[in-house]
Amino acid sequence: ANAAGEAATVSTAPRPVDSCRAITEPGRYALVADLRDVSADRCLRILASDVTLLGRGHRIDGRGDFGTAGVAVGSWGRGVSNVTVRNLTVSEFDDGVRLTNADAGSLADVTAARNRIGVLLMNASDNRLAGVRARNNAVHGVSLADDSDRNLVANATAVENALFGVHLAADASDNVVRNVSARRNEYGVAVVGADGNRIAGGAAVRNRIAGVWLSAADRNRVADLRLSNRFYGVWLSDGASANVVASNVAADNAVGVRLRDADRNRIVENRVTGSRDGVLLIASDRTLVAGNRIAENRRGISVLASDGTVLRNNVLRDNRRAVVVRRGSENVTRE
Numbered sequence: 012a013n014a015a016g017e018a019a020t021v022s023t024a025p026r027p028v029d030s031c032r033a034i035t036e037p038g039r040y041a042l043v044a045d046l047r048d049v050s051a052d053r054c055l056r057i058l059a060s061d062v063t064l065l066g067r068g069h070r071i072d073g074r075g076d077f078g079t080a081g082v083a084v085g086s087w088g089r090g091v092s093n094v095t096v097r098n099l100t101v102s103e104f105d106d107g108v109r110l111t112n113a114d115a116g117s118l119a120d121v122t123a124a125r126n127r128i129g130v131l132l133m134n135a136s137d138n139r140l141a142g143v144r145a146r147n148n149a150v151h152g153v154s155l156a157d158d159s160d161r162n163l164v165a166n167a168t169a170v171e172n173a174l175f176g177v178h179l180a181a182d183a184s185d186n187v188v189r190n191v192s193a194r195r196n197e198y199g200v201a202v203v204g205a206d207g208n209r210i211a212g213g214a215a216v217r218n219r220i221a222g223v224w225l226s227a228a229d230r231n232r233v234a235d236l237r238l239s240n241r242f243y244g245v246w247l248s249d250g251a252s253a254n255v256v257a258s259n260v261a262a263d264n265a266v267g268v269r270l271r272d273a274d275r276n277r278i279v280e281n282r283v284t285g286s287r288d289g290v291l292l293i294a295s296d297r298t299l300v301a302g303n304r305i306a307e308n309r310r311g312i313s314v315l316a317s318d319g320t321v322l323r324n325n326v327l328r329d330n331r332r333a334v335v336v337r338r339g340s341e342n343v344t345r346e
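Adding 11 to a residue's 1-based position in the sequence shown gives its number in our numbering.
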C-alpha cells in the first residue's frame, strides 16, 4: 500500500521548470528557480490546453526587448483553453504575461512590473484574473483587447502605470472588473471602443487625469467605486452612449462626473462632493441625472449645449450654485 501511495505522489508531482521552454503537453508544471536576464523572445510558451504553471513565488526577468513576453499562453495559430498561471512575478518584457487565443483559463497572484504591458489578453475569453498586481508598466497595467470577452478581473491592483491601469479596448465585451484598486496612473480604468462591460467596486484614486474614462464605448456600467483624482472622477467622451454611472462616491475631483459628446447616458444615485463641477454635461444630449446627492461643490450640475437633459430627484446642498444651464441647452427638464 505504501509503494502504491508513493507512486501516486510521484505521478501527480508537477514537472520542474528551470529554464525558458515550450510547454506542449497537458499537466502541472512548477518553476523551481528564478529565471533572470532572459534573452528569449517568449520565455515560457504554453502551447497546450489543460496546463497549470505554478510559479511558487519565483520571478522571470527579461531585458525589455520589443515583442518579448515572460509567459505567453496560446498563439494566433494555436488556441488553448484551461490554462492556469499562478504565484509568480514577471518583469522587463514587452508583455509580462500574454494570453493570445486562450480561453477559460486563470491567472492568480501574478505580479507584472516594469514591462510595456503587464498582462495582455488578445482574443482571450472566459478567463478569470484574480489578485493580479500590475505596477510601473510603461503603457498599461492590465489590457483586454481584440475581442476578449466575458473575462473577470477581480481584486486587481494597478499602480503607477504610465497610461492606463486597467484597459478594455478593441471590442472587448461583457467583461467584469470587480474591486479594482487603480492608483497613480494617467487613467485608472479606461474603456475605449468596448461595449457592455461592468466596472464594479473598488477605488480609482490619485490618477493624473481620470479615475474611469469611457471613450466611444456603449452600454457599460460604472458602479460602486470611490473616485478621487486630479481632474475627473468619471469621464465619458467621444460618442460614449447608453452607459450607466451609478452609486459611486466621487470626492475632491476637479469634476465629479464629466460628459462631453456623449449622449443618452444615465448618471444615477452617486454622491459627489468637493468639486468645481459636481456633474458637468457638455454637448451631451438626453442625459438622465437622477437620485444623486451633490453637495459642497462650486457648481452642483452644469448643463452646457446639452439638449433633452432630465434632472430628477437630486439632492443639491451647499453648492455655490445648484444648477447652471447655458449655451443654448434646450428642453432641460427639472423634476
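By construction, the Cβ of each residue, glycine as well, lies at the ideal position given by its N, Cα and C atoms.
Here Asp160 is buried, its C-beta having at least 16 other C-beta atoms within 10 Å. In the DSSP assignment, the residues bridged to Asp106 are Ala80 and Ile128. The alpha carbon of Leu174 has as its nearest neighbour, out of Gly129, Val188 and Arg209, the alpha carbon of Gly129. Membership of Leu270 in the beta strand (DSSP E) is indicated by the continuous run Val266 to Arg271.
Spatial neighbours of Arg338 in its own chain (CB-CB distance under 6 angstroms, excluding positions within 5 residues in sequence) are listed in chain order as Leu315 and Ala316. Here the stretch 305-313 makes contact with the stretch 324-332; the two share three or more CB pairs at distances below 8 angstroms.
Beta-carbon to beta-carbon, Ser239 and Val268 are separated by about 13 angstroms, too far to satisfy the 8 angstroms threshold. For Arg26, the enclosing beta strand (DSSP E) covers residues Arg26 to Val28.
Residue pairing by DSSP puts His178 in a beta bridge opposite Ser154 and Ala201. In this structure, Thr63 is the residue among Thr63, Asn112 and Val91 with its C-alpha nearest to the C-alpha of Leu99. Pairing Leu225 with Arg194, the inter-Cα distance amounts to about 17 angstroms.
The beta carbon of Leu55 is closer than 6 angstroms to those of Val82 in its chain, skipping five residues each way along the sequence. Spatial neighbours of Ala261 in its own chain (CB-CB distance under 6 angstroms, excluding positions within 5 residues in sequence) are listed in chain order as Leu238, Gly244, Gly267 and Val283.
By the CB criterion at 8 angstroms, Ser184 and Asp206 fall inside the cutoff. With a beta-carbon spacing of about 5 angstroms, Asp229 and Ser252 fall inside the 8 angstroms limit used to define contacts. Take the alpha-carbon of Arg297 and the one of Arg144: they are about 39 angstroms apart. As a beta-bridge residue in DSSP terms, Ile312 pairs with Val290 and Val334.
Counted as a single uninterrupted DSSP element, the beta strand (DSSP E) harbouring Gly213 occupies residues Arg209 to Val216. Beta-bridge partners assigned by DSSP to Val300: Ile278 and Leu322.
If only complete runs of 4 or more residues are kept, the stretch 37-86 shows no alpha helix (DSSP H) anywhere. Sixteen is the threshold: when 16 or more other Cβ atoms of the shown chains lie within 10 Å of the Cβ of Asp106, as they do, the residue is buried. The Cβ atoms of Arg53 and Tyr40 lie no closer than 8 angstroms to each other.
Within the same chain, and ignoring the five residues on either side of Asp137 in sequence, the residues whose Cβ sits closer than 6 angstroms to its Cβ are Asp114, Ala115 and Arg161. Linking Arg32 to Gly78 through their CA atoms gives a straight-line distance of about 17 angstroms.
For a cut-off of 8 angstroms, the C-beta gap from Asn254 to Asn281 is around 13 angstroms, too long to register as a contact. When secondary structure is reduced to three states using DSSP, Thr23 falls in the helix class. Setting aside the 5 residues that flank it on each side, Glu171 is surrounded in the same chain by Arg146, Asn147 and Arg195, each with a C-beta closer than 6 angstroms to its C-beta; the list follows chain order.
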